[in-house]
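Numbering follows the numbering used here, with no gaps: position 37 of the sequence shown is 199. Backbone N, C-alpha and C fix where the C-beta goes; we use that ideal spot for every residue, glycine too. Owing to the predicted nature of the structure, the values given are computational and were not obtained by experimental measurement. Accompanying notes for the structure given below.
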Amino acid sequence: MFRTELHIAPSPQKISLKDPIFLIGSCFSTNIGSLLERYKFNSLANPFGTIFNPISINKLLITALNKSYLSENGYGKNQDIHFHYDLHSQFSSLQKEALVEKGNHTLEVANHHLKTTKWLIITWGSAIIYEHKNIGEVVANCHKVPAKNFNKRLLSTEEIVLDFEKLMTILPDDINILLTVSPVRHIKETIELNSASKSILRIATHTLTEKFNNIQYFPSYELMMDDLRDYRFYKSDMLHPSEEAIQYIWQKFSGTYFDDTSMDFIKEWDSVLKALNHKPFNVHSDEHQKFLKKIISKLNSLSYNINTSEELKYINSQILN
163 MFRTELHIAP SPQKISLKDP IFLIGSCFST NIGSLLERYK FNSLANPFGT
213 IFNPISINKL LITALNKSYL SENGYGKNQD IHFHYDLHSQ FSSLQKEALV
263 EKGNHTLEVA NHHLKTTKWL IITWGSAIIY EHKNIGEVVA NCHKVPAKNF
313 NKRLLSTEEI VLDFEKLMTI LPDDINILLT VSPVRHIKET IELNSASKSI
363 LRIATHTLTE KFNNIQYFPS YELMMDDLRD YRFYKSDMLH PSEEAIQYIW
413 QKFSGTYFDD TSMDFIKEWD SVLKALNHKP FNVHSDEHQK FLKKIISKLN
463 SLSYNINTSE ELKYINSQIL N
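What follows is the structure, given as structure tokens:
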């Protein structure tokens, strides 16, 4: 199928391997975060789990930056499972104490990384929010609590921008912020409401890039909707990008934001990963043992100094004494 490629404006700032990167939000942050980790970037992706709406994302960032703890009124319990309305369900626990400990530890980790981060990458997934009637606050996750406990509504562009401006007041002045909108459709909210939601998010990102010099927008939404625009680039659920689509968006992202050293290292590391993923016919053969030693030599002679302890441990476990 014919496809017209989108042209992305070059970034005035470039990401290097040593730059601390913090990612938070919807699927783009998770997917790109996984690839950043694969290529040894100094990154921390979605420590609180997948978070969709801008208000909840801002709240977690502000809490972490201020080194605060999770609000007590945000804890809840459903079918003997303890949870917190600001966190993803992966934090749920049968014991509240374990949940509190894990949540506060995650905030400390996030605070440590945010204090030095050079790039903050935020992915907004939905402008549809759920406000808890009793708590009176927007929740990041309903945790399967009955819908009667929440008021559902669409955020306005003005609400999103004003709330983000609060976050800007406590972020370091030298931080680079990259906003993006998730291309994943929230069809459980209906197709019509999903379109309205994405439109609001896109206008809000544009408004913020016009207002702040250190905020850029990466068009992951447009790349999926307008450039790939074919269901062969989706997983079987027809909602999430396929691995091919993720790789395509990654290429656009890395080509736009990475410096030359990082791009060169990615090529070099790809050859190492290919060797590590090699499946030998006989792990005990002399040929494979020599192959393993070649990989060790390659790791020890990389052009960029990175931590390869896990890879070396894996290879050494296969070498015969």
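(request) Please report how far the alpha carbon of isoleucine 365 lies from the alpha carbon of serine 218, in whole angstroms. (result) The residue labelled residue 365 in the question sits at position 203 within the sequence shown. The residue labelled residue 218 in the question sits at position 56 within the sequence shown. Looking at the two C-alpha atoms, the distance is approximately 19 Å.
(message) In the DSSP output, what is valine 343 paired with across the bridge?
(response) In the sequence shown, the residue the question calls residue 343 occupies position 181. Its beta-bridge partners are Trp286.
(message) By alpha-carbon positions, which one of Ser251, Lys280, Ile332, Asn215 ends up nearest to glutamate 293?
(response) Counting from 1 along the sequence shown, the entry for residue 293 is found at position 131. Comparing Cα positions, the closest option is Asn215.
(request) Could you spell out where the alpha helix (DSSP H) holding serine 471 opens and where it closes? (result) Position 309 of the sequence shown, counting from 1, holds the residue named residue 471. Segment 471-478, the alpha helix (DSSP H) holding serine 471.
(message) Within 10 Å of its beta-carbon, does alanine 207 have 16 or more other beta-carbons around it, so buried, or fewer, so exposed?
(response) By 1-based counting over the sequence shown, the position of residue 207 is 45. Burial check for alanine 207: the Cβ neighbour count within 10 Å reaches 16 or more, so the residue is buried.
(message) Can you tell me whether alanine 145 is helix, strand or coil according to DSSP?
(response) Here the chain has residues from 163 to 483 only, and residue 145 is not among them.
(message) Given this structure, state the Cα-to-Cα distance separating histidine 275 from serine 205, to the nearest angstrom.
(response) The residue you call residue 275 lines up with position 113 of the sequence shown. The residue you call residue 205 lines up with position 43 of the sequence shown. For the pair histidine 275 and serine 205, the Cα-to-Cα distance works out to about 8 Å.
(request) Output the distance between the C-alpha atoms of aspartate 392 and isoleucine 411, rounded to the nearest integer angstrom. (result) For this step, residue 392 is matched to residue 230 along the sequence shown. For this step, residue 411 is matched to residue 249 along the sequence shown. Cα-Cα distance, rounded: 14 Å.
(request) Could you spell out the range, first to last residue, of the alpha helix (DSSP H) harbouring lysine 429? (result) Counting from one through the sequence shown, the residue named residue 429 turns up at place 267. Looking at the DSSP string, the run of the alpha helix (DSSP H) that includes lysine 429 is 422-438.
(message) Using a Cβ distance threshold of 8 Å, determine whether the stretch 369-388 contacts the stretch 420-434, with at least three qualifying pairs required.
(response) No contact exists between the stretch 369-388 and the stretch 420-434.
(request) Along the alpha helix (DSSP H) that carries histidine 446, what are the first and last residues, could you check? (result) Within the sequence shown, numbered from 1, the residue matching residue 446 stands at position 284. Here histidine 446 belongs to no alpha helix (DSSP H), and DSSP marks it neither H nor E.
(message) If I measure Cβ to Cβ from serine 359 and keep anything under 8 Å in the same chain, skipping five residues before and after, which residues do I get?
(response) Sequence index remark: in the sequence shown, residue 359 carries index 197 (1-based). In its chain, beyond the 5 residues on either side, Ser288, Ala289, Ile290, Leu316, His348, Glu351 have a beta carbon closer than 8 Å to the beta carbon of serine 359.
(message) On a Cα-Cα basis, can you pick out the residue from Lys314, Lys414, Phe415, Met386 that is closest to asparagine 404?
(response) On the sequence shown, residue 404 is found 242 positions in, with the first residue counted as 1. The displayed chain sequence assigns serine, not asparagine, to residue 404. Looking at the Cα atoms, Met386 is the closest of the given residues.
(request) Go ahead and label serine 424 buried or exposed: buried means 16 or more other beta carbons lie within 10 angstroms of its beta carbon, across all protein chains shown. (result) Residue numbering aside, residue 424 sits at position 262 when the sequence shown is read from its first letter. For serine 424, the number of other beta carbons within 10 angstroms of its own is at least 16, and it is reported as buried.
(request) Determine the direct distance from the alpha carbon of asparagine 266 to that of serine 344, and round the result to whole angstroms. (result) By 1-based counting over the sequence shown, the position of residue 344 is 182. By 1-based counting over the sequence shown, the position of residue 266 is 104. Computed Cα separation, rounded: 27 Å.
(request) State the Cα-Cα distance for the pair serine 398 and serine 382, rounded to the nearest angstrom. (result) Here residue 398 refers to the residue found at position 236 of the sequence shown. Here residue 382 refers to the residue found at position 220 of the sequence shown. Looking at the two C-alpha atoms, the distance is approximately 20 Å.
(request) Label tyrosine 379 either buried or exposed according to how many other C-beta atoms from any shown protein chain fall within 10 Å of its C-beta, with 16 as the threshold for buried. (result) Residue numbering aside, residue 379 sits at position 217 when the sequence shown is read from its first letter. Counting Cβ neighbours within 10 Å, tyrosine 379 comes out buried, since at least 16 surround it.
(request) Within the same chain, show all residues whose beta-carbon is closer than 6 Å to that of tyrosine 484, passing over the 5 residues directly before and after it, in chain order. (result) With the chain running from 163 to 483 in the structure shown, residue 484 is simply not present.
(request) Answer with buried or exposed for threonine 496, where buried requires no fewer than 16 other C-beta atoms within 10 angstroms of its C-beta. (result) Residue 496 is absent from the model: the chain starts at 163 and stops at 483.
(request) To the nearest angstrom, report how far apart threonine 319 and tryptophan 286 are at their CA atoms. (result) Locating residue 319 in the sequence shown gives position 157, counting from the first residue. Locating residue 286 in the sequence shown gives position 124, counting from the first residue. Spanning the alpha carbons of threonine 319 and tryptophan 286 requires a straight line of approximately 13 Å.
(request) Determine the contact status of isoleucine 177 and tyrosine 466, defining contact as a CB-CB distance below 8 Å. (result) Within the sequence shown, the letter at position 15 stands for residue 177. Within the sequence shown, the letter at position 304 stands for residue 466. For isoleucine 177 and tyrosine 466, no; Cβs fall outside 8 Å.
(message) Less than 8 Å between the beta carbons of phenylalanine 210 and leucine 179, yes or no?
(response) Numbered from 1 along the sequence shown, position 48 holds the residue referred to as residue 210. Numbered from 1 along the sequence shown, position 17 holds the residue referred to as residue 179. It is not a contact, given that the beta carbons lie outside the stated cut-off.
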